[in-house]
Every structure is written in structure tokens, then in C-alpha cells.
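> What follows is a single structure, and I will ask about it in a moment.
Number of protein chains: 4
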Amino acid sequence: MTTHVDTPKNIAILGASGYTGAELVRLIATHPGMVVRAMTADRKAGMAYGAVFPHLRHLDLPELTKIEDVDFSEIDLVFCALPHATSQNVIRELPNTVKVVDLSADFRLRDPETYAKWYGGEHTAVELQKEAVYGLTEYYREQIKSARLVAGTGCNAMTGLMPILPLLQAGVIDSDDIIIDLATGVSGAGRSPKEGMLHSEVSEGYRAYNVAAHRHLAEFDQEMSLIAGKPVEVTFTPHLLPQNRGILATIYVKGEAQAIHDALRAKYDDEPFVYVLPFGESPATQHVRGSNYCHLGVIPDRKPGRVMVFSTLDNLTKGSSGQAIQNANLMLGLPETMGLELAPLFP
Amino acid sequence: MTTHVDTPKNIAILGASGYTGAELVRLIATHPGMVVRAMTADRKAGMAYGAVFPHLRHLDLPELTKIEDVDFSEIDLVFCALPHATSQNVIRELPNTVKVVDLSADFRLRDPETYAKWYGGEHTAVELQKEAVYGLTEYYREQIKSARLVAGTGCNAMTGLMPILPLLQAGVIDSDDIIIDLATGVSGAGRSPKEGMLHSEVSEGYRAYNVAAHRHLAEFDQEMSLIAGKPVEVTFTPHLLPQNRGILATIYVKGEAQAIHDALRAKYDDEPFVYVLPFGESPATQHVRGSNYCHLGVIPDRKPGRVMVFSTLDNLTKGSSGQAIQNANLMLGLPETMGLELAPLFP
Amino acid sequence: MTTHVDTPKNIAILGASGYTGAELVRLIATHPGMVVRAMTADRKAGMAYGAVFPHLRHLDLPELTKIEDVDFSEIDLVFCALPHATSQNVIRELPNTVKVVDLSADFRLRDPETYAKWYGGEHTAVELQKEAVYGLTEYYREQIKSARLVAGTGCNAMTGLMPILPLLQAGVIDSDDIIIDLATGVSGAGRSPKEGMLHSEVSEGYRAYNVAAHRHLAEFDQEMSLIAGKPVEVTFTPHLLPQNRGILATIYVKGEAQAIHDALRAKYDDEPFVYVLPFGESPATQHVRGSNYCHLGVIPDRKPGRVMVFSTLDNLTKGSSGQAIQNANLMLGLPETMGLELAPLFP
Amino acid sequence: MTTHVDTPKNIAILGASGYTGAELVRLIATHPGMVVRAMTADRKAGMAYGAVFPHLRHLDLPELTKIEDVDFSEIDLVFCALPHATSQNVIRELPNTVKVVDLSADFRLRDPETYAKWYGGEHTAVELQKEAVYGLTEYYREQIKSARLVAGTGCNAMTGLMPILPLLQAGVIDSDDIIIDLATGVSGAGRSPKEGMLHSEVSEGYRAYNVAAHRHLAEFDQEMSLIAGKPVEVTFTPHLLPQNRGILATIYVKGEAQAIHDALRAKYDDEPFVYVLPFGESPATQHVRGSNYCHLGVIPDRKPGRVMVFSTLDNLTKGSSGQAIQNANLMLGLPETMGLELAPLFP
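Chains as they are written, first to last, in UniProt numbering: chain A, 1 to 347; chain Z, 1 to 347; chain S, 1 to 347; chain Y, 1 to 347.
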């Protein structure tokens with residue numbers, strides 16, 4: 001059994017029957033500062049977690065319950081892995097003694113109108129929306145430490161923001177000409193059965209989806225414009241990969257390659273989970289699989305002034321559940337890296 | 001057995017032990033106008049082809065031999081699927097009564113200096129290099145009909161050239177700002193054992209390779225500059241997919257989306273193997289798998305004047321062996337589509 | 001375009017929106033003796049087929065309709081690719097001038113009680129059930145030629161029956177000790193979204209399913225007992241593979257290996273689609289992918305008297321839609337192999 | 001950084017450039033009782049480990065060296081992940097103050113003649129061969145605690161032995177009729193480039209290999225005969241799966257299913273890494289991926305007296321490097337489960 005610190009924090013996971021829920025449980029299983037006290041899944045209430053996710057059947061976990069059956073008075077922090085739109089309704093009703101890390105899209109956007117535009121409906125918890133801190137740890141670390149509600153970033157959004165924000169901040173790229181070509185594994189689409197996510201449809205195949213219309217564009221706009229101090233709009237084409245985990249963004253920017261590499265190193269050299277590869281190298285999704293690491297690379301194009309910047313992370317770990325635990329560690333006063341130093345699984 | 005036309009053409013395949021060789025044999029197996037009379041593979045001479053490629057063991061094929069043991073006097077056309085650099089030495093020695101479709105890179109570039117720069121050595125058959133016709137059927141059809149030597153295009157090159165050439169020709173895009181982001185299956189790397197192509201290294205992973213340095217850049221430069229009437233240099237980032245077959249290019253251009261779609265339709269609506277998807281749709285590699293079809297799509301970016309153009313084909317079929325047979329049909333006076341109308345294999 | 005025979009047969013496909021339907025269309029696309037005149041899919045009536053299966057968008061096909069909108073008076077043969085239980089109700093209502101190849105399980109079992117036991121309900125077309133011929137071409141060729149209704153075999157059933165029936169017939173194995181260990185690709189599970197068939201659940205994984213309870217056991221019992229002239233009950237464990245196409249059965253029998261190999265060769269050496277590998281070799285699913293071929297192999301165990309017999313085929317081709325066309329060819333007086341000689345797709 | 005116990009043990013890994021070497025490093029990265037002090041790879045001496053395995057580039061590791069450059073006086077335990085035959089020559093020369101866990105096949109067989117028969121040559125360290133303890137922890141725990149040299153089991157051997165040994169010991173199965181049908185991922189074949197292990201050859205395919213001739217048969221014979229007290233010879237057919245990690249054995253035995261399930265539970269209910277599924281359930285490789293767990297299942301056949309027993313584990317973890325660390329923990333006086341409680345990675 002994992003040896004815990006003296007008084008591990010009590011955790012509840014709402015919406016534990018999806019992949020991000022299972023990833024939280026996987027990571028907390030060997031996290032010395034957290035213990036899962038409650039897990040909910042409305043339609044699977046009453047089931048043992050090992051019946052829903054047999055890979056975790058060896059763990060000693062509470063039974064799945066409905067949300068209304070959770071005693072939140074004993075809970076220090078809630079991870080909310082519910083679907084978009086549902087999440088805001090549930091979090092609104094939680095006692096405000098409990099800290100919350102939300103993995104949905106509900107609290108990523110600060111502006112209610114922007115939210116309504118991209119998600120097709122009014123936000124039902126506008127006050128909380130204002131309070132929520134965007135969970136990009138490497139940029140909002142201090143706010144996260146004192147936050148009650150942290151909004152997990154979009155997994156694609158994070159993959160793009162990590163390399164671009166330092167470049168905008170350092171002023172080393174043209175903010176009007178940023179193209180993010182991105183490829184993601186299928187686990188980001190969740191566990192709900194969909195024809196397009198069947199093995200027969202996905203394997204041995206590659207295609208774009210939601211071209212020029214992906215909702216993570218809203219996060220790109222919000223965060224990039226903020227850091228640049230002026231409106232920034234990127235071009236963004238996501239693609240679906242025939243693999244489960246991993247996102248890789250190939251980003252086309254204009255600037256000077258060495259200055260770009262320098263800016264990334266200046267920003268990330270002291271970060272525990274971000275690794276800037278040597279100049280001229282590019283990363284691979286299989287080398288961060290199952291881990292909380294993000295690898296960045298810079299390669300100059302043969303055309304002067306054009307540069308390719310690469311970014312990869314595991315969508316279920318650094319892109320969602322690992323990031324959520326990193327933020328929770330900060331909110332709970334635990335060491336930021338606690339429970340997250342698992343090395344990538346390769347091959 | 002396939003019913004043949006009255007006098008099928010006699011075919012030799014040099015270098016039949018690789019994937020492009022096997023793809024030629026697969027396609028010729030049901031081609032009514034061709035019969036394989038000789039197959040060579042120096043290190044496997046004497047072996048039955050079914051021992052090298054068990055999926056073709058049901059076919060009645062000649063034994064593998066060395067090149068010097070082929071009687072070329074009975075051969076109408078040679079497919080040369082030998083490695084780069086070897087190919088030119090072999091083709092130079094063939095009797096000039098025989099027509100040749102070369103699948104290597106040896107005769108793709110018209111300029112000896114350009115060849116030397118990209119392939120790292122002097123060309124040994126400069127006269128033939130001048131004579132060779134570039135095998136992009138949809139652009140060189142008439143020259144191919146009367147050619148003795150046709151040079152198969154690079155598979156990545158073809159995937160990019162098909163959508164871009166009509167746009168340069170029609171003058172509907174900015175020729176100074178073309179970015180080709182491309183992903184390809186592993187079969188293009190061939191059957192020689194390499195650590196990086198092991199299943200354990202490739203599956204569940206995605207990464208760029210040869211960034212800004214891929215040799216197919218030379219073909220892009222040559223063909224785009226020619227059609228544009230001025231030097232055109234693209235930005236090109238190839239990636240390796242965890243799948244066997246299929247290439248998809250996502251191309252970022254500046255222009256007006258509808259004009260771009262119109263230009264593609266004007267060029268390709270009468271082509272037998274090129275299909276321009278309805279405006280706003282993008283293609284998928286799994287929908288051309290194993291076929292000679294190329295699917296193109298156009299989607300406008302949210303940023304005015306920026307457009308994404310998509311192109312997909314099967315690297316072993318339209319990207320190499322299918323294209324080779326299409327060209328051979330023309331050279332031999334057979335119907336251009338003969339033997340190539342196999343529908344894609346999905347799932 | 002495919003060159004057709006003088007008067008190609010008119011074909012209707014009922015239930016064309018599933019994988020077996022698409023495989024029928026793929027194969028008929030280059031079949032010179034068949035033309036698809038009607039295609040149905042109740043919930044997708046009115047749609048273009050290329051919108052349902054984009055890999056077939058280049059084909060000139062009729063629009064999807066409801067079954068009641070098909071004019072069967074112009075149809076020579078119907079392929080019925082509807083779900084089990086639905087199929088019998090539809091076929092019962094077809095005019096009896098039309099020939100039918102049913103790909104469901106509804107007419108595989110001759111005995112109504114056996115049907116009710118395995119499929120959990122009374123058969124609604126018992127008279128047709130009696131009339132139907134079991135579609136194992138290599139065993140029922142003559143009956144199929146004159147049949148009005150042919151029942152396609154189960155894909156797993158076929159993979160096991162092909163190697164075992166000749167051995168029972170020749171009396172070279174112990175009929176009381178037959179173990180069929182089988183692994184199948186996921187496309188056999190169809191296109192309906194199911195959690196267990198998602199890419200994330202299937203890829204990088206292997207597991208048994210329906211152990212000792214798979215419905216294809218009923219076909220094994222029926223056909224093996226018939227040929228052996230006494231009750232034969234096999235042990236059967238199917239497994240799910242992380243791949244789309246292909247079934248491989250590893251069959252453990254007691255007998256003398258050379259006699260077993262001889263019995264297979266005696267039965268199949270003249271069959272156009274069955275290939276018995278040299279003694280001591282075993283087949284691979286990737287070598288029959290997308291084709292109508294079945295490969296068989298025999299290897300003696302180190303324990304005297306114990307033998308492993310291997311059988312592989314593509315579940316969507318020889319295991320269902322290819323077999324269906326082979327039978328339809330016979331029913332329509334066409335050459336048996338017409339349209340089915342496509343070589344396997346590898347890699 | 002991982003918080004270590006007060007005096008972590010000093011570890012050397014010989015042959016660190018293969019997959020089992022990388023798996024050792026991955027596991028030790030978060031093992032609080034071990035620190036890697038030396039790593040060797042003859043042909044890659046001088047390289048940083050992160051250049052050989054980029055997924056581990058974030059770790060602070062010693063540079064790769066040659067074996068002769070290791071100072072073994074500071075090493076507590078050596079993991080030897082060298083190829084078969086090489087291993088014995090290297091281990092023979094190590095100072096006998098150092099403990100050794102060997103992951104090769106060199107010390108698995110106790111009898112020199114048996115070794116010579118299966119591995120095709122004389123053993124060069126016969127004295128050590130006698131001394132070595134077979135690393136099947138659940139059976140040799142006490143001997144391992146005091147051993148100087150422990151021989152890691154074959155990964156396939158372990159998958160079969162775990163479920164069968166308790167049944168032979170309890171006398172609940174017929175020892176003359178045991179069939180092990182097994183499927184394994186490709187990572188067991190190692191990182192050396194081989195045509196048969198290319199992605200194009202393996203993916204979308206399934207086939208048997210080394211039928212009736214696999215060297216792990218020698219381990220089956222040795223351990224089963226020992227525990228049964230009489231010669232036991234199993235039938236064994238390994239297959240290659242299109243996935244990286246995971247082995248699943250489907251074992252056909254004769255006996256009473258409930259008694260078999262009881263015997264497994266009696267043996268393993270207190271074991272930390274072995275999980276016997278509820279009666280009637282079967283395991284899946286994807287549910288132990290990347291972990292040290294072994295899942296067992298029992299399902300009765302429809303034929304009375306015939307039972308299917310299932311066993312799965314990750315070949316690189318419980319099947320080799322995880323098992324090696326479990327044994328090393330025992331040899332070093334550390335808690336047996338230390339560093340090994342990582343939950344499986346799914347999806």
C-alpha cells in the first residue's frame with residue numbers, strides 16, 4: 001500500500017465513470033497526500049468501481065454513489081469530471097467549504113458572452129465563472145494556490161498555449177500569423193459510445209475534425225490576447241489520431257528560431273513538468289504517454305523567419321487529470337509534484 | 001483467373017521484394033492487360049514470391065531472379081522498384097526497346113545539380129534524367145503517353161502537388177505563403193528493418209521527422225515553380241502516423257475559399273481518380289486505403305483570407321504503385337484506368 | 001468503369017448501412033456480372049451512400065431507400081444484411097421470384113427448436129428455415145446452385161468448419177476432443193456504437209468473450225454432427241483482437257498430423273479460394289486481409305498424437321460478404337469466382 | 001523528486017538499452033529504495049540515456065558505459081538485461097559481493113543438459129546455474145530472500161505457470177492434458193530491428209509462431225514436473241498480437257471448475273500482485289498494462305469436466321522487469337511491493 005503523509009486530504013470525484021475520472025483514480029492510487037473518500041456516477045450508482053474499470057479492481061475504493069449521497073462535510077477537495085453544462089449546475093450547489101477542480105469546459109472562459117457564443121447557452125453560475133482561476137499551472141500558480149475553484153484547461157488548448165504564451169510574452173513572434181496544426185488521440189472523446197470513435201472507424205486512419213470551429217479556440221483567444229495585450233486570433237486545425245493517448249501540436253510561427261528557443265527555456269527551465277528539447281529536435285507523443293510531462297521543441301524552417309514549434313503531452317494526464325492533481329496539490333498546500341512523477345510508459 | 005485482353009503486355013518488376021513491388025503485384029493480379037513475366041530481388045533470387053509475401057501465395061508468378069537473368073527481349077515494360085541511386089545504374093543498362101516506369105527518386109528531378117544537392121551525389125545517367133517524364137499523370141498525361149521513361153513521384157510530393165498546382169495555375173493563392181503539414185503511414189519507409197519502424201516504436205505515437213529537410217521538397221520546388229512561372233518555396237513538415245497506409249496533407253494557404261474550391265473542381269472534375277469533396281468537408285486516409293483515389297477538400301478558416309486545403313491518398317497506391325500502373329497503361333496504349341478501379345478497403 | 005458482361009444481374013442490398021453491406025458494395029463495384037439497383041437502410045433512407053460510407057463516394061449508386069420502396073420485380077437477387085430476427089420477417093415478405101442470400105443468423109440452423117434455444121425466440125419463418133441452404137460453399141455447392149434462399153454462415157463458424165469438416169469426414173481425428181481457440185477482429189461486431197468496441201477499449205488489448213456460450217456453437221454442432229454422423233460437441237473460446245479484419249482459429253485435435261494435412265489437401269486442392277499451406281507452416285490474418293481466401297495450416301505438437309490445425313480468413317469477405325457473393329454467383333449461373341479474385345491487401 | 005528511504009540501495013543495470021532495461025529504469029524512477037548508479041550498453045557507451053530512450057530524458061541518470069568501466073564495489077545489486085548466452089559470461093565475472101537478478105534465459109533451467117538441448121550450446125557457468133533461484137516469486141519467495149543470483153522467468157512461462165502450478169499442486173486437474181494457447185504483444189521481441197516486428201508486418205494481424213517449439217516449454221516442463229512430482233508435458237502455442245504489451249493465456253484443462261477456482265483463490269488471495277477474478281469472468285491484457293499485476297479467471301466449458309483458465313500480465317512488468325524488482329526487493333530486505341504499486345494505464 002502507498003505510504004501516506006500524516007493526514008492525507010479527503011477527495012471526492014464527481015463523474016468518476018469516464019476516462020478522466022479513471023485517470024484521476026489511477027494517479028491518486030499512488031499519491032501519498034490524497035485518499036478517495038467518495039466517487040459518483042449517477043447511472044452506475046451502487047456499482048463497484050472495479051466493475052466499471054477492471055484495471056483498477058485491485059484498489060480499495062468506495063462504491064459509486066449518486067452526488068446527493070455524498071457527505072461533503074468530510075471532503076477537502078472535489079474533482080468534478082462531469083460533462084460540460086452539467087458541471088456548473090452541480091458545482092453551484094456544493095458547500096463553499098469545499099475546494100473544487102473542475103475538468104469540464106464550464107469555467108474556462110471568464111466572459112459570460114464568450115461562453116454563450118461558444119457553448120450555445122447561458123451560463124448558470126456566472127458568479128462562480130468570475131471567481132474561477134484558469135488551471136494553466138505554469139501561468140496561474142499563485143492564484144491557484146488561493147483559489148476555491150480552478151477550471152481545468154482544454155487538453156488541446158493546453159498543448160497550444162504552453163509553447164505560444166512565452167513567445168507572445170517575450171514578443172519574439174508575429175502575433176498575427178500563428179497556425180496550430182494539432183493531432184490528438186481518441187481518449188479525449190470520452191467513453192460514451194459514438195460511431196466515429198469505434199476501433200473500426202479510427203484505426204489505420206487520420207482525418208481533421210471541427211476545422212476552424214473547435215471550442216478550444218475560445219481558450220486560445222482568451223489567454224493569448226491577455227498575455228499579448230491585444231487581440232490574438234490563431235488558425236487551428238485539430239486531427240484525430242489512431243491512438244488512445246497523446247496530443248502533438250506543430251505550430252507555424254514567424255520569428256527567429258534561436259530567440260524562440262531561448263524564450264521557451266527562460267520560461268520553463270525551472271518548471272518540474274516541462275522539458276524544452278535541445279534546439280533542432282522535435283518531440284513524440286509516445287515519449288510522454290501516461291505522464292504529466294510536456295515536451296517542447298523548436299526547429300527553424302528553411303525559409304528565413306519561419307519557425308516550427310512543437311508541443312506534446314498526454315491529453316488524459318498533463319492535459320486533464322494530471323494537471324488537475326497538480327493544481328489540487330497547490331490548493332491543498334501539498335508539494336506541487338506530489339504523486340505526479342510517474343515516468344512515461346514506453347513502449 | 002482474371003480474364004485478360006487478347007494480348008496482355010509482358011511486365012518485369014525489378015526489386016520486387018519491397019512493399020511497392022508487392023503492391024504492383026497485387027494490382028497486376030487483377031489487371032486484364034498485364035502479365036508479370038519476370039521478377040527480380042538480388043538477395044532473394046531463387047525464392048518463390050509467396051515465400052517472401054505470403055499474402056500473394058495464391059498467384060501463379062515467376063520465381064524471383066537476379067536482374068542479369070531476365071530476358072528483356074520479351075518484356076514490354078519494366079517497373080523498377082529498386083532503391084534510390086541503384087535504380088539509375090540499372091535503368092541505364094536496360095535495352096532501349098523496353099519502356100520503364102521507375103518508382104525511385106532517381107529521375108524525378110530534371111536538374112543534375114539539384115539532384116546532387118538533395119541526394120548527395122552525382123547522377124550517373126544524366127541523359128536519361130533529361131528524357132524522363134515526371135509521373136504526375138494529371139499534369140503530364142500527354143508526355144507520358146509517348147515517354148520511354150517515366151519517373152514516379154514521391155508519395156508525399158504527390159499528396160501536396162495535387163491540391164496546390166491547380167491553385168498556383170489559377171492564381172488564386174499567395175505563392176509566397178504555403179504551408180504543408182503532412183502525416184504519413186509507415187509503409188512508405190519500406191520493409192528494411194529499422195529500429196524506428198518497429199511496432200513498439202511507432203504504434204500509439206505521433207511525431208514529426210525530417211522537418212524542413214525532407215527530400216520531397218525538391219519536387220515541390222521544381223513543379224510549383226514551373227507551374228507558377230516563378231520560384232515557389234513551401235514550408236513542409238512531415239509526420240509519422242501509427243498506421244500502415246495513407247497520407248493526409250493539411251495545407252495552409254492565403255486566398256478566397258470558394259475560388260480555391262472552384263479551381264480544384266475545374267481541374268479535377270473530369271479526372272477518373274481525383275475527387276473534390278463538397279465545399280466545407282475534409283477527407284480521411286481510411287477512405288482511400290488500398291485504392292488509386294485521391295480525395296481533396298477545402299474549408300475556410302475563421303480568419304478571412306486564410307484557407308485550409310486537404311489532400312489524401314494511399315502512399316502505396318496512388319502515391320506509388322497505383323500511379324505507376326496508371327502511367328504504364330498510358331505508355332502501353334491501354335485504357336488509363338484499367339486494373340485500378342478497386343474500391344478502397346474500409347474498415 | 002468496370003466492363004460488365006452483357007446482361008449483368010440486378011442486385012438489391014437490404015440493410016446496406018452496416019459493414020457487411022459496405023463490403024458487398026465494395027466487391028460488387030468491380031464485379032462484371034452484378035449491378036446494384038437498390039439499397040435500403042431504414043433510418044438513413046434518402047441519404048446518398050457516399051455520405052454513409054465516404055470510401056465509396058466515387059461509385060455511381062442508387063440512393064438509400066426504405067425496403068417498402070424497392071421494386072423487387074426488377075431484382076434478380078437480394079443480399080439481406082439486416083440484423084438477426086429482423087431478417088426473417090423481411091425475407092418472408094419478399095416475392096418468391098427473387099433469390100436471396102441472407103447474411104444474418106436467421107436461416108443458418110435447420111431445426112426450429114435449436115434456433116429458439118440459441119437465439120431466444122421462436123422463428124417466424126419456419127418454412128423458409130427448412131428450405132434454406134447453409135452457405136458453406138465448399139460443402140453445399142450443388143444445393144446452392146439451385147437454391148432460392150441461402151443462409152450465410154457465421155464468420156467464426158466458417159473459420160472453424162473449413163479445417164474440421166474434412167477431418168471428421170476422413171475420420172482422421174478424435175471427434176470427442178476438439179478445441180477451437182479463435183481470435184477475431186472487431187469489424188464483426190458491426191457499426192453500431194458500443195462502449196466495448198471503442199478504439200480506447202479495444203486497441204492495445206486482447207481478451208476472450210462469450211466463452212463457452214457463443215452462438216456460433218450451434219453451427220458447429222449442426223454441421224460437424226451431420227458430417228460425422230454422430231453428435232459432435234466442440235470446445236470454443238473466441239477472443240477479440242485489436243484489429244479490424246481477420247479471424248484466426250488455432251484448433252487442437254488428436255490424430256496423426258500427416259494424415260490430417262493429407263485430408264485437407266484432398267478436400268481443398270481444387271478449391272479456388274482455399275489454400276493449404278505446406279506441412280509445418282501456419283497462416284496469418286494479415287495475409288488474407290480484404291480477400292476471399294482462406295489459408296489452412298497443420299503443425300504437429302511435440303506430444304505424439306496431438307496436432308494444431310490453423311485456419312484464417314477475413315471475417316467481412318470469405319467470412320460474410322465475399323462468401324455471399326460466391327454463393328450468389330452460383331445461384332445466378334455466373335462463374336463462381338467472378339468478382340472475388342482481389343488479392344489481399346498487405347501491408 | 002521521489003523521496004527515498006534513508007539509505008537507498010545502489011543499483012547497476014547491465015544492458016540498459018533494451019526494452020527490459022528501460023522498464024527497469026521507469027520503475028526505479030519512483031522506487032524509494034533504489035537509485036541507479038551505473039548503466040551499461042556496450043555499443044552506446046558514452047551516450048546519455050535520454051538520447052536512447054527519450055521518454056526518460058527528464059530523469060537524472062548516469063551516462064551509459066561499458067561493463068568494464070563499472071565500479072561494482074559500490075553496487076548492491078545488478079540487474080542483468082543482456083541477451084541470452086552473453087549474460088552467463090558476464091555474471092560469471094562479477095564480484096560475488098554483488099547480488100544479481102538476471103533477466104535473460106541463462107539461469108532459468110537447473111539442468112545443464114536441458115539447457116544445452118533448448119539453447120543449443122554448453123552452459124559456461126554451470127556452478128552458478130546450480131545456485132540460481134528461479135524467480136517465480138510466489139513460489140520461491142523464501143529462497144529468493146537469501147539468494148545471490150535470481151533468474152527471471154520467461155514472460156510466457158510466467159503467464160502459464162501462475163495459473164497451472166496451484167492446480168497441479170492441489171491435484172485438481174489432469175496433468176496429462178494441459179493446453180496453453182497464448183497471445184503476446186510485440187515488445188517481448190525486443191528493440192533489435194527485425195522485419196517481422198515492423199509496424200507494417202505486425203499491425204492489423206495475428207499469427208502463431210514457434211509452434212510446439214518455443215523455448216519457454218523447458219520452463220514449463222521443469223516447474224510443472226517438479227510441483228506435480230512426475231513428468232508433465234504441456235501443449236503450447238504462442239501467437240503474436242498487434243499490440244506492444246500484454247500476454248494472455250487461455251488454458252484448456254480437465255477438472256471441476258469450482259475446485260479449480262478454489263485452488264487459485266487459496267493460493268493467491270493473500271498475494272499482493274495476483275488477482276483471481278470472480279468465478280465465470282475472464283481477464284483482459286489492457287487491464288494490467290504497465291503494472292505488476294497478474295489477473296486470473298476460470299470459466300467452465302459447456303462440456304462437463306473441461307475448464308478454461310485465463311491468465312494475463314504485462315510481459316515487460318510482471319513478466320520481466322517488475323518481477324525483477326519484486327525479487328530484488330526481497331533480496332535487499334526491502335518491502336516486497338516497494339515501487340511496484342503503479343496502477344495499470346488504461347486506456
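Cβ coordinates follow ideal geometry from the N, Cα and C atoms, glycine included. Please read all numbers here as calculations on a predicted model, not as lab measurements.
Residues of chain Y with CB closer than 9 Å to the CB of Asp-106(S), please, in chain order.
In chain order: nothing, as chain Y lies at least about 23 Å away.
> Excluding the five sequence neighbours on either side, which residues of its own chain have a C-beta within less than 8 Å of the C-beta of Ile-28(Y), listed in chain order?
If we look at Ile-28(Y) and ignore the five residues flanking it on each side, its Cβ neighbours are Ile-11, Met-34, Val-35, Val-36, Ile-325, Gly-339.
> Rounded to the nearest angstrom, how far is the Cβ of Pro-163(Z) from that of Ser-311(Z), given a contact under 8 Å?
4 Å
> What three-state label does DSSP hand Thr-137(S) in the structure shown?
helix
> How would you write the range of the alpha helix (DSSP H) that Ala-324(Y) sits in, first residue to last?
322–331
> Counting only beta-carbon separations shorter than 7 Å, does Ser-187(A) have a partner in chain S?
yes
> Excluding the 5 residues preceding and the 5 following Ser-203(A) in the sequence, name in chain order all residues of the same chain whose CB lies nearer than 8 Å to its CB.
The answer, listed in chain order, is Pro-242.
> Pop quiz: Gly-255(Y) and Asp-181(Y) are said to be a contact at Cβ under 8 Å. What is the actual Cβ separation, rounded to whole angstroms?
The pair is not a contact, with the Cβ atoms about 17 Å apart (cut-off 8 Å).
> Would you check if there are 3 or more beta carbon pairs closer than 8 Å linking the segment 261–279 of chain Y to the segment 225–233 of chain S?
no
> Whole-angstrom Cβ separation of Pro-54(Z) and Leu-198(Y), contact assumed at under 8 Å?
At roughly 15 Å, the Cβ-Cβ gap does not stay under 8 Å, so Pro-54(Z) and Leu-198(Y) are not in contact.
> Just checking, does the segment 280–289 of chain Z make contact with the segment 16–25 of chain Z on the three C-beta pairs under 8 Å criterion?
no
> Is it true that the CB of Leu-167(Z) sits closer than 7 Å to the CB of Ala-263(Z)?
yes
> I want to see whether chain S comes within less than 7 Å of Met-331(A), judged by CB atoms only; does it?
By this cut-off, Met-331(A) is not an interface position.
> Going by DSSP, what residues sit across from Val-307(A) in a beta bridge?
According to DSSP, Val-307(A) bridges with Val-253(A), Pro-300(A).
> Going by other Cβ atoms of all chains shown within 10 Å of its Cβ, with 16 needed for buried, is Lys-99(A) buried or exposed?
buried
> If we call anything under 7 Å between Cβ atoms a contact, is Arg-215(S) one with Leu-240(S)?
no
> Relative to the alpha-carbon of Gly-333(Y), which residue among Glu-195(Y), Lys-145(Y), Arg-110(Y) has its alpha-carbon at the smallest distance?
Considering only alpha carbons, the answer is Lys-145(Y).
> Under DSSP, the alpha helix (DSSP H) around Ala-157(Y) begins and ends at which residues?
155–170
> Any idea what DSSP makes of Ala-151(Y), helix, strand or coil?
In this structure, Ala-151(Y) counts as strand in the three-state DSSP scheme.
> Going by C-alpha to C-alpha distance, which of Ser-104(S), Pro-83(S), Cys-155(S) sits closest to Asp-314(S)?
Cys-155(S)
> Per DSSP, what are the beta-bridge partners of Val-276(Z) in this structure?
Leu-296(Z)
> Mark Pro-83(S) as exposed unless 16 or more other C-beta atoms lie within 10 angstroms of its C-beta, in which case mark it buried.
Counting Cβ neighbours within 10 Å, Pro-83(S) comes out exposed, since fewer than 16 surround it.
> Taking Lys-303(S) as the query, report the chain Y residues whose CB atoms sit under 8 Å from its CB, ordered along the chain.
Glu-233, Thr-235
> For a contact meaning CB atoms closer than 7 Å, what does His-199(Y) contact in chain A?
Chain A residues near His-199(Y): none, gap ~11 Å exceeds 7 Å.
> When DSSP labels each residue in this structure, what does Val-186(Y) get in the three-state scheme?
helix
> In chain order, what residues of the segment 293–325 of chain A put their CB closer than 9 Å to some CB of chain Z?
Gly-297, Ile-299, Pro-300, Asp-301, Arg-302, Lys-303, Arg-306, Met-308, Phe-310, Thr-312
> Measure the C-alpha to C-alpha separation of Gly-205(Y) and Gly-152(S) and round it to an integer number of angstroms.
Roughly 24 Å separates the two Cα atoms.
> So, under 8 Å CB-CB, Leu-109(Y) and Cys-80(Y) are touching, yes? Tell me the CB distance rounded to an integer number of Å.
Leu-109(Y) to Cys-80(Y), Cβ: 16 Å. No contact.
> Along the segment 198–226 of chain S, where does the CB come closer than 9 Å to a CB of chain A? Name the residues.
Leu-198, His-199, Ser-200, Glu-201, Val-202, Ser-203, Glu-204
> Who does Phe-220(Z) pair with in a DSSP beta bridge?
DSSP lists no partner for Phe-220(Z).
> Is Arg-245(Y) buried or exposed, if buried means 16 or more other CB atoms sit within 10 Å of its CB?
buried
> Mapping the DSSP letters down to three states, classify His-239(S) as helix, strand or coil.
strand
> Along the chain, where does the alpha helix (DSSP H) that runs through Leu-128(A) open and close?
126–131
> According to DSSP, is Thr-337(Y) helix, strand or coil?
coil
> Output, in chain order, the set of chain S residues within a Cβ distance shorter than 7 Å of Pro-344(Z).
His-55
> Are the C-beta atoms of Lys-285(A) and some chain Z residue less than 7 Å apart?
Note that residue 285(A) is Thr in the sequence shown here, rather than Lys. Thr-285(A) counts as touching chain Z.
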